[in-house]
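Asker:
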Amino acid sequence: MPPIVIDLKKTDDPIDAVHLAVEFLAAGKIVALPTETVYGIAASALNPAAADRLGKIKCRSSKQPFSIAVKSADDAYDYVPTLSVMGKRLARRCWPGPITLVVDGTHPDSVITQLPDIIRPMVLIDGAVGLRVPAHEVFQSVSRLSVGPMLLTSANLHGEPDCTDCESIVERLGDQVDLILNDGPSRYGQSSTVVKVRENEYEILRAGVFGDSAMKRMSSFMALLVCTGNTCRSPMAELLLKKRIAEKLKCKIEELDDKGVIVTSAGVAAMPGDKASQESIDVLQNMELDLSSHESQPVSDQLLTSADLILTMTKGHRQALISHWPDIAERTHVLCIDGSDVSDPIGGPMSLYESCAKQIDDQLKTWVEKIDLGIPE
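If you read the sequence shown in the numbering used here, its first letter stands for residue 179, the second for the next number, and so on.
What follows is the structure in structure tokens.
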């Protein structure tokens, strides 16, 4: 029997198609779903018969596991309760998105231990499991509404090219799938990048949308320093933190990018493109640090999502951030360890800027000693 095909671009309400896909998955059927990379075929990870059927479609060997589609980066902790700093970083920055993370799946509290006995070997190979959060609205809706996780693999036969449109699925898989949600050609038209994470190191197992340079940047430690206008306190803190980390890593400031370290600053009320105050430039110049090329920037979703560590100059700055972005609370701290504020030196004499820079540097020394950069030694 040929599959049911629903053209999402012609439906009045895609939620009806989403509900049908959820019903099919719950009934043990195979559903082809669009993702941002290539089309995938999915089955319920709670249904042994559906999983067995998916394996036969793909002619999978015991060394070719299925990925598990999880709902969000936060849900990854249900599968890997002890996810490493590197794993957390890549999940936070890359999901939803075209990356499959292969991580240790043997923790006794992992959801994997609750999967049917016949299914666990289909997702666990040498103790590792692949997790994926596709960046496609319809796929995410199906994932969120489904009971339990989904097994996910590319919509193609073993050894054949990936399917990037509905027509190729119908041609190659035919009645082997029960439902296809057609959303036209895939956005990227190539597979997700598969990355294995061991502690704070990663290895690209399969090239895909993200290349080496993109993975290097996304795997880097990133610190964000925040004040009000991003022209005095946080620019000084940015450069002073670079200096401290470079000393810790025994390298030059210019070499931090290659070491996998990014330090930047922003302001909660900053205008883009303003220069650092002349007093700040002069103070750091006396410390043999060049702040003259600094350009201010406002805080943004991307900066706050990417940052591993966010240090604010005052309690008010921290509160302003977490009131708008509550998810960053765990990564956001007041710079001063005792919770006190770094006062704004704007309009004050040079001596005030000097004492401000010293206060910032003293606090950063403590932070550098205690933070885990989460990068290969």
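Even glycine gets a Cβ: it sits at the ideal position worked out from N, Cα and C.
#1: Using alpha carbons as the reference points, say which of L530, L203 and I296 lies closest to F317.
#2: For Y217, name the three-state secondary structure that DSSP assigns.
#3: So, does the segment 364-377 touch the segment 439-456, judging by three or more C-beta pairs under 8 Å?
#4: Taking T490 as part of the beta strand (DSSP E), name the residues at either end of that continuous run.
#5: Are the beta-carbon atoms belonging to L499 and V446 less than 8 Å from one another?
#6: In whole angstroms, what separates the C-alpha of K207 from that of S518?
#7: Let me check understanding here. Comparing Cα to Cα, which of V263, F244 and L293 lies closest to T278?
#8: Measuring alpha carbon to alpha carbon, tell me which residue in V520, E201, G526 and I219 is nearest G352.
#9: Put H511 into one of helix, strand or coil per three-state DSSP.
#10: Could you please give me the residues that DSSP links to C405 through a beta bridge?
#11: Buried or exposed for N464, going by 16 or more other Cβ atoms inside 10 Å?
#12: Does Y366 come out as helix, strand or coil in the three-state DSSP assignment?
#13: Could you tell me which of M264, V183, C534 and V281 sits nearest to I553, measuring between CA atoms?
#14: Specify, as a first and last residue, the run of the alpha helix (DSSP H) that D256 falls within.
#15: Go ahead and label C405 buried or exposed: buried means 16 or more other beta carbons lie within 10 angstroms of its beta carbon, across all protein chains shown.
#16: Under the rule that 16 or more other beta-carbon atoms within 10 Å means buried, what is E508, buried or exposed?
#17: With C-beta atoms as the reference, is K493 less than 8 Å away from V512?
#18: Per DSSP, which one or two residues make a beta bridge with V375?
#19: Could you tell me which residues DSSP pairs with G308 in its beta bridges?
#20: Report the rounded CA-to-CA distance for G337 versus V387, giving the unit in angstroms.
#21: For L462, which residues from the same chain have a beta carbon less than 8 Å from its beta carbon, with the 5 sequence-adjacent residues on both sides left out?
#22: Would the beta-carbon of C341 fall within 8 Å of that of V216?
#23: Can you find the residues in the same chain that come closer than 6 Å, C-beta to C-beta, to L482, ignoring five residues on each side of it along the sequence?
#24: Any idea what DSSP makes of D343, helix, strand or coil?
#25: Checking 8 Å against the spacing of the C-beta atoms, do C410 and D287 come in under that value?
#26: Quick one: residues in its chain with C-beta nearer than 7 Å to the C-beta of C514, no 5 flanking neighbours on either side, listed in chain order?
#27: Going by the beta-carbon positions, is the gap between L302 and G326 smaller than 8 Å?
#28: Please return the same chain residues whose Cβ sits closer than 6 Å to the Cβ of A313, not counting the five positions on each side in sequence.
#29: Give the DSSP-derived three-state secondary structure of F399 in the structure shown.
#30: Do three or more CB pairs link the segment 387-403 to the segment 435-452 at distances below 8 Å?
#31: My output table needs one value for V316: the three-state DSSP class, helix, strand or coil.
#32: I need the boundaries of the beta strand (DSSP E) containing D191, first residue and last residue.
#33: For L198 and A227, I'd like the C-alpha separation in whole angstroms.
#34: Cα-Cα, which of L293, A333, D452 and R270 is closest to R238?
#35: Quickly, what does DSSP pair T331 with across the bridge? List them, please.
#36: Residues in the same chain with beta-carbon distance under 6 Å from P294, minus the five sequence neighbours each way, listed in chain order, please.
Answerer: In short, the structure shows the following:
#1: Per the Cα distances, L203.
#2: For Y217, the secondary structure class from DSSP, reduced to helix, strand or coil, is coil.
#3: no
#4: L487 to T490
#5: yes
#6: 58 Å
#7: F244
#8: Checking every option, the nearest Cα to that of G352 belongs to I219.
#9: strand
#10: Partner(s): G445.
#11: exposed
#12: coil
#13: M264
#14: In the DSSP assignment, D256 falls within the alpha helix (DSSP H) that extends over A254 to Y257.
#15: With 16 or more Cβ atoms within 10 Å of its Cβ, C405 is classed as buried.
#16: exposed
#17: yes
#18: Y380
#19: BP columns for G308 point to V280.
#20: 20 Å
#21: M414, L417, L418, D468, L469 and A535
#22: Yes. Within cutoff.
#23: Hits under 6 Å: W503 and I506.
#24: coil
#25: Cβ atoms of C410 and D287: not closer than 8 Å.
#26: Cβ within range, chain order: V520 and Q541.
#27: no
#28: E214, P274 and G275
#29: If DSSP states are grouped into helix, strand and coil, F399 belongs with the strands.
#30: yes
#31: helix
#32: It is not in any beta strand (DSSP E) - D191 carries neither H nor E in the DSSP assignment.
#33: 19 Å
#34: A333
#35: I219
#36: Taken in chain order, the residues that qualify are P226.
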